[in-house]
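Novice: Shown below is the structure under consideration.
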Amino acid sequence: MNVKPLADRVIILPAPAEEKTIGGIIIPDTAKEKPLKGEVKAVGNGTKDEDMVLKVGDKVLYGKYSGTEIEIDGEKYLIMRQSDVLAVLG
């Protein structure tokens, strides 16, 4: 990836939404729950007030409405502030 986020921002690849069926009916993509976890793909340098604690490869949880959706090389990512990340999965 040739995109470098600035300051305390991170780029996250969301986990794919799980496909659900109800009684043989496939739920369309628009009705699926937005995934709340993903993998950090790029990090900024942090700010003078806040060090960057996330690193590339971390699996994280984030808020349902966090971040801005961007598309890089045909892949959809989220870019958000480090403070929007709720937890790092172990």
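By the numbering used here, the letter at position 80 of the sequence shown is numbered 100, and the numbering carries on one by one without gaps. All residues carry an ideal CB built from backbone N, CA and C; glycine is no exception.
Quick one: what's V60 bridged to in DSSP?
Specialist: V60 pairs with I32.
Novice: Quick check on the burial criterion: 16 or more other C-beta atoms within 10 angstroms. Buried or exposed for Y82?
Specialist: The residue is buried, with at least 16 neighbouring Cβ atoms inside 10 Å.
Novice: Is P48 near L98, with beta carbons less than 7 Å apart?
Specialist: It is not a contact, given that the beta carbons lie outside the stated cut-off.
Novice: Could you please give the first and the last residue of the uninterrupted beta strand (DSSP E) stretch that includes V105?
Specialist: V105 to L109 is the extent of the beta strand (DSSP E) around V105.
Novice: Using only the alpha-carbon positions, how far apart do V76 and V63 sit?
Specialist: Looking at the two C-alpha atoms, the distance is approximately 7 Å.
Novice: If you follow the beta strand (DSSP E) that T88 is in, where does it begin and where does it stop?
Specialist: Per DSSP, T88 belongs to the beta strand (DSSP E) from T88 to I92.
Novice: Determine the contact status of V23 and Q102, defining contact as a CB-CB distance below 7 Å.
Specialist: Cβ atoms of V23 and Q102: not closer than 7 Å.
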